[in-house]
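Protein chains: 2
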Amino acid sequence: MSVRAGLTTESIVQAAIALIDEQGPESLSLASLASTFGVRSPSLYNHINGLDGLRHRLVLAGLRALSEAIRASAVGRSGFEALHAMCHAYRAFARQHPGLYTMTLRSQEQGDPELQQAGRATVDVVLATLQAYNLPGDAALHAVRYVRSVLHGFVLLEVGGGFGLPLELDTSFERMITALDYGLRMSQQPAHEGATQ
Amino acid sequence: MSVRAGLTTESIVQAAIALIDEQGPESLSLASLASTFGVRSPSLYNHINGLDGLRHRLVLAGLRALSEAIRASAVGRSGFEALHAMCHAYRAFARQHPGLYTMTLRSQEQGDPELQQAGRATVDVVLATLQAYNLPGDAALHAVRYVRSVLHGFVLLEVGGGFGLPLELDTSFERMITALDYGLRMSQQPAHEGATQ
DNA sequence: CATAATAGCTAATAGCATTAGTTTTGTCAA
DNA sequence: TTGACAAAACTAATGCTATTAGCTATTATG
Chain A
17 MSVRAGLTTE SIVQAAIALI DEQGPESLSL ASLASTFGVR SPSLYNHING
67 LDGLRHRLVL AGLRALSEAI RASAVGRSGF EALHAMCHAY RAFARQHPGL
117 YTMTLRSQEQ GDPELQQAGR ATVDVVLATL QAYNLPGDAA LHAVRYVRSV
167 LHGFVLLEVG GGFGLPLELD TSFERMITAL DYGLRMSQQP AHEGATQ
Chain B
17 MSVRAGLTTE SIVQAAIALI DEQGPESLSL ASLASTFGVR SPSLYNHING
67 LDGLRHRLVL AGLRALSEAI RASAVGRSGF EALHAMCHAY RAFARQHPGL
117 YTMTLRSQEQ GDPELQQAGR ATVDVVLATL QAYNLPGDAA LHAVRYVRSV
167 LHGFVLLEVG GGFGLPLELD TSFERMITAL DYGLRMSQQP AHEGATQ
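What follows is the structure, given as structure tokens:
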């Protein structure tokens, strides 16, 4: 008692990230969070806007950290090398922050402009990474969806234990990147029957 | 009062599926579920083993329904045609049951043998669908992971509103299947530098 | 040093899951 | 037809959660 605990919005967010990465997003509660600071849960309301406000901050922090991580991985590279580095950075982020990653990409919020901007930033990084593939028109945007789908799916299945088979994950991932590269180079070609519809 | 409500395990599970598909998995509660039956929440315990027991049943029901849906889509087809049909069936299931799909594939449980079997059944369906690609050895298993990643990622991003761009989703999906097909046919070839590690 | 802002507190409310124990209802055999 | 039993649904109670209101004490600022 007596001396103040020294809470800040930032310290609470950081503690929450640590908690969800260790115990999963479901076990995030103001009660458990407060106890790690040796504080009563209503005290947290001086710094965050309830549990929903905290979740919102976590989503934003996760989106920004992810897009920053993949941006950093691609600087100075291009083509397959850039794609390869970005994929590994993406996966590394999800493994390092399983709870944060899951919670971030699960978010369904649409209206918030900060979130929209953070999401667009991620798309832009992927778009820049794919520049060397010279994708015409909308093909580049479709390709971004393709890349995001592949990475998101793999990473979620890995982190969530969805891959049951006793088979090397690193190998699967590496092959997937190779296949991804093939698919992207195919999109450079003029057409493929059925590809426009 | 007076006359019995006629609850059964099955009717509760069905109502829960309807509820999570409409309102999302987070809003599943015994209280709201009970109220749709005009019943008090402790009454549900006569049929299900609490909220966790209900969730477990939902996961199992989701896994089975999904694997059944994609199995049905592939009968009588092979090669690209089978892959194409399976992908569409997968996406259709997720769109029809967004809450159930999300909850099912989010599950982290490992120990349960029923779940393991249901998961393996899904893998087997995909494996069978890919038969015509003649993938050698482990390549088939890696390919299953690839296919599942692509579908899981796309479908989750679509259902979760993760695709922000105003761009036709059907087109993106169709192109993705085409790219997937390319990647799988590539794996038939002997090797690609870096592909084995 | 006095005052204002604010961090953290206690108390109280409401909603949730869960358990224990009770009443009611439907069924089945005598 | 009736009596007994099993099961369905109930009430009451407990303990967890988030949240709000209002208080106290600490810190910074004039």
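Chains as they are written, first to last, in the numbering used here: chain A, 17 to 213; chain B, 17 to 213.
For every residue, glycine included, the Cβ atom is placed at its ideal position computed from N, Cα and C.
Report the neighbours of residue i on chain B: residues whose CB is nearer than 8 Å to its CB, in chain order.
i: A:Met-102; result: Those within 8 Å of A:Met-102 in chain B number zero; the least Cβ separation is about 15 Å.
i: A:Gln-133; result: Here the premise fails: no neighbours, minimum Cβ distance about 10 Å.
i: A:Met-202; result: Thr-194, Ala-195 and Tyr-198
i: A:Ser-4; result: The question about residue 4 of chain A has no answer here: the residues shown for chain A are numbered 17 through 213.
Hey, could you find the ends of the alpha helix (DSSP H) residue i is sitting in?
i: B:Thr-24; result: It is not in any alpha helix (DSSP H) - B:Thr-24 carries neither H nor E in the DSSP assignment.
i: B:Phe-179; result: Premise fails: B:Phe-179 is in no alpha helix (DSSP H) and is neither H nor E.
i: A:Gly-129; result: Looking at the sequence itself, residue 129 of chain A is Pro, so the reference to Gly does not match. Segment 129-145, the alpha helix (DSSP H) holding A:Pro-129.
i: A:Pro-114; result: 114-122
i: A:Ser-45; result: No alpha helix (DSSP H) holds A:Ser-45; DSSP gives it neither H nor E.
i: A:Ser-83; result: 66-90
i: B:Arg-15; result: This structure gives no information on residue 15 of chain B, because the portion of chain B shown stretches from 17 to 213.
i: A:Gln-204; result: 185-204
Kindly list, in the order they appear in chain A, the residues whose Cβ is closer than 9 Å to that of residue i.
i: B:Arg-111; result: Result: empty, since nearest Cβ-Cβ is about 15 Å, beyond 9 Å.
i: B:Met-192; result: His-158, Arg-161, Tyr-162, Ser-165, Val-166 and Gly-199
i: B:Arg-136; result: Gly-180 and Leu-181
i: B:Ser-83; result: Going along chain A, no residue has its Cβ under 9 Å from B:Ser-83, so there is no contact; the nearest lies around 13 Å.
i: B:Ser-89; result: Residues of chain A passing the Cβ test: none, with the nearest at roughly 17 Å.
Using a Cβ cut-off of 9 Å, pull out every chain B residue sitting near residue i, in sequence order please.
i: A:Ile-47; result: In the sequence on display, residue 47 of chain A carries Ala and not Ile. By Cβ distance, chain B contributes nothing, its closest Cβ being about 18 Å from A:Ala-47, past 9 Å.
i: A:Gln-11; result: This structure leaves residue 11 of chain A out entirely; chain A is present only between 17 and 213.
i: A:Phe-170; result: Arg-161, Tyr-162, Arg-164, Ser-165, Val-166, His-168 and Gly-169
i: A:Gln-126; result: Gly-177 and Gly-180
i: A:Thr-145; result: Near A:Thr-145 there are no residues of chain B at all, since even the closest Cβ is about 16 Å away, more than 9 Å.
Please look up how many angstroms separate the CB atoms of residue i and residue j, rounded, as I've assumed it's under 8 Å.
i: B:Pro-114; j: B:Asp-37; result: 6 Å
i: A:Pro-182; j: A:Thr-118; result: Wrong, their Cβ atoms sit about 24 Å apart, outside the cutoff.
i: B:Val-171; j: B:Arg-107; result: 6 Å
i: B:His-168; j: A:Gly-169; result: 4 Å
i: A:Gly-180; j: B:Gln-132; result: 7 Å
i: A:Leu-196; j: A:Leu-99; result: 7 Å
i: A:Leu-44; j: A:Ile-28; result: Wrong, their Cβ atoms sit about 11 Å apart, outside the cutoff.
For residue i, is the classification buried or exposed, using 16 other Cβ atoms within 10 angstroms of its Cβ as the cut-off for buried?
i: A:Pro-206; result: Note that A:Pro-206 scores 49 on pLDDT, short of 50, meaning its location in the model is unreliable and no value can be drawn from it.
i: B:Tyr-61; result: exposed
i: A:Ser-123; result: buried
i: A:Ala-88; result: exposed
i: A:Ala-110; result: buried
i: B:Ser-165; result: buried
i: A:Ala-21; result: exposed
i: A:Gln-213; result: Model confidence at A:Gln-213 stands at a pLDDT of 35, short of 50, so the residue's coordinates are unreliable and nothing is read from them.
i: B:Glu-26; result: exposed
i: A:Thr-52; result: exposed
i: B:Thr-120; result: buried
i: A:Ala-47; result: exposed
i: B:Val-75; result: buried
i: B:Val-142; result: buried
i: A:Gly-178; result: buried
i: B:Glu-174; result: buried
i: B:Arg-73; result: buried
i: B:Gly-210; result: Below a pLDDT of 50, predicted positions are generally treated as unreliable, and B:Gly-210, at 40, falls in that range; no measurement from the model is reported.
i: A:Thr-24; result: exposed
i: B:Arg-71; result: buried
i: A:Met-17; result: The pLDDT assigned to A:Met-17 is 41, lower than 50, so where the model puts this residue is not dependable, and the model offers no usable value.
So residue i contacts chain A; which residues on that side make the cut at Cβ distance below 7 Å?
i: B:Phe-179; result: Arg-161
i: B:Ala-122; result: Residue 122 of chain B is actually Arg in this sequence, not Ala. In chain order: Gly-176.
i: B:Asp-154; result: Leu-183
i: B:Leu-173; result: Arg-164, Ser-165 and His-168
Name, please, each residue of chain B whose Cβ falls closer than 7 Å to the Cβ of residue i.
i: A:Ser-43; result: Here the premise fails: no neighbours, minimum Cβ distance about 12 Å.
i: A:Ser-51; result: In chain order: nothing, as chain B lies at least about 23 Å away.
i: A:Ser-94; result: The premise fails here: A:Ser-94 is roughly 17 Å from chain B at the closest Cβ pair, so nothing lies under 7 Å.
For a contact meaning CB atoms closer than 8 Å, what does residue i contact in chain A?
i: B:Thr-24; result: Chain A residues near B:Thr-24: none, gap ~28 Å exceeds 8 Å.
Count the CB pairs spanning the stretch 134-152 of chain A and the stretch 198-205 of chain A that are closer than 8 Å, and state whether there are at least three. The stretch 134-152 of chain A, when compared against the stretch 198-205 of chain A, does touch it at the 8 Å Cβ threshold.
With three or more C-beta pairs closer than 8 Å as the rule, is the stretch 122-140 of chain A touching the stretch 160-167 of chain B? Contact between the stretch 160-167 of chain B and the stretch 122-140 of chain A is absent, because fewer than three Cβ pairs lie under 8 Å.
Between the stretch 28-37 of chain B and the stretch 64-74 of chain B, are three or more C-beta pairs nearer than 8 Å? With the cut-off at 8 Å, the stretch 28-37 of chain B and the stretch 64-74 of chain B touch.
Taking 8 Å as the threshold, find out whether the stretch 75-87 of chain A comes into contact with the stretch 184-196 of chain A through three or more Cβ pairs. The stretch 184-196 of chain A and the stretch 75-87 of chain A do not touch, with fewer than three beta-carbon pairs separated by less than 8 Å.
Are the stretch 92-101 of chain A and the stretch 88-100 of chain B in contact at 8 Å, needing three or more beta carbon pairs? With the cut-off at 8 Å, the stretch 92-101 of chain A and the stretch 88-100 of chain B do not touch.
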